[in-house]
Amino acid sequence: MNREALVLGVGATPFGRHLDRTAGDLAGLAAHEALRDAGLSPADVGAVFHATVSQKAIDGQHMIPGQVALRPHGFAGVPVVNVENACAGGATALWLAIAHVRAGLSDVALAVGVDKLVCADPAQGLAVFDGAMDVANREPTLAALAALSGPLPPELAVDGDRSVFMEIYASLARAHMQRFATTEAHLAAVAAKNHAHSVHNPRAHFRRPFTAEEVLAARRVAWPLTVPMCSPVSDGAAAVVVTRADFPHDDSAVAVLGSVLLSGTDRAPDDAEQHIGRCAALAAYEKAGLGPRDVDVAEVHDATAFGEIQQVENLGFCPIGDGGPWSASGASALGGTLPVNPSGGLESRGHPVSATGLAQIFELVTQLRGRAGGRQVPGARIAVAENGGGLYGIEEAVAAVTILGRSR
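In the working numbering, the protein residues as written are 2 to 409.
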């Protein structure tokens, strides 16, 4: 039995506001695009792993959202497994699809991620994220995160409605700034870079470029974060077709070199070496027999600009603590030594939660095939995706790292 796996097809809708489409519409569009890309039909699929949170939280479609979304699109009779894992739902569906194929249970598995978060009442969309942390210990958790750095001066506080996860990221960013001298300018450089990349991505929610100065001058969300440093609330879907390595394929197939999914551990706040994202990255590199220097292009979970700074450190692209200066140097931009988030990342491409991890794979497969147009990383052969979700204690509750490769 050949237990290796390939990505044979990818599909994604544009991310943005899809008021005229249901979650099922979007899931079906992405799934069929991925199958067309693979040269297959729904009848070829042995199992589907479907990730969503909005169908449950907003639509009230609990328990069988995947079956409801996909049966009208031809996926009848096939096993459908419903997946929920916060913002890493899509990556978790992919991890399950890869494991399913490697176990020999099916020749072809399909991972689908979809969410519709744009609502007539914006608070309803934001409320979806409230369950992505320990709700029984919400206030103690937020207080502990805020205590990681010094008290916030009153003049930097933000009045009005707040996004709990932007507050979380802001607390983590302030702690990083205090410990490693990361600056607002570093954060602005990351955001400006990602917005510049998104200009070349026709599926991105936002395609407007920002200068670093414009990023800094924008409305504050939670200090030190401004609006262009934060991912928007988006609708969208993405899908990935996974097959065994000896399944008939052409030279557009991409090899899965490493696939890791972890939950966190209890650690001291200053023990960055044991951060969940770093542990997942090291495990994925070991499985792939590769290291950070082998990577040509990456997509990371930049729900905020600080998220990217933290994850480039975790992935080993630079030493821990150097993510800000390394990013501001231009190393992570197109044309730099290791481009990160050529899609525009969550900050620009958008973040329909359960679709995000699979949208990262869509981008990286497109890059490895050399079909990314104005955002293409020349000669890309090895790619890594990092997708995190939720919060437990002082870090993400779940982290997924996937390494893909293609020979030339």
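We put the beta carbon where it would ideally sit given N, CA and C, even for glycine.
Just so we're clear, the structure is a prediction, and the values are computed from it rather than from any experiment.
Do you know offhand how far Gly12's Cα is from Val81's? 18 Å
Inter-stretch contact at 8 Å, needing at least 3 Cβ pairs: the segment 360-370 / the segment 315-325: no
Using CA atoms only, rank isn't needed, just tell me which of Ala304, Val296, Phe307 is closest to Thr403. Val296
In the DSSP output, what is Ser264 paired with across the bridge? Val399
Residues bridged to Ala110 (per DSSP): Ala48, Val243
Given this structure, state the Cα-to-Cα distance separating Val165 from Leu392, to the nearest angstrom. 11 Å
Residue burial classification, Pro154 (beta-carbon count within 10 angstroms, cutoff 16): exposed
Can you tell me whether DSSP reads Cys120 as helix, strand or coil? coil
Excluding the 5 residues preceding and the 5 following Ser344 in the sequence, name in chain order all residues of the same chain whose CB lies nearer than 6 Å to its CB. Asn202, Arg350, Glu364
Determine the burial state of His276: buried for a count of at least 16 other Cβ atoms within 10 Å of its Cβ, exposed for fewer. buried
Taking 8 Å as the threshold (C-beta atoms), are Leu111 and Val49 in contact? yes
Under the assumption that Val79 contacts Gly25 (Cβ atoms under 8 Å), give the Cβ distance between them as a whole number of angstroms. Actually they are not in contact, since the Cβ atoms of Val79 and Gly25 sit about 16 Å apart, beyond 8 Å.
According to DSSP, simplified to helix, strand and coil, what is Ile59? coil
For Gly40, which of Lys57, Gly237, Val109 has the nearest alpha-carbon? Val109
Using the three-state DSSP reduction, which class does Ile277 fall into: helix, strand or coil? helix
For Trp96, I'd like the list of residues in its chain whose CB is within less than 7 Å of its CB, leaving aside the five on either flank, ordered along the chain. Ser260, Leu262, Ala401
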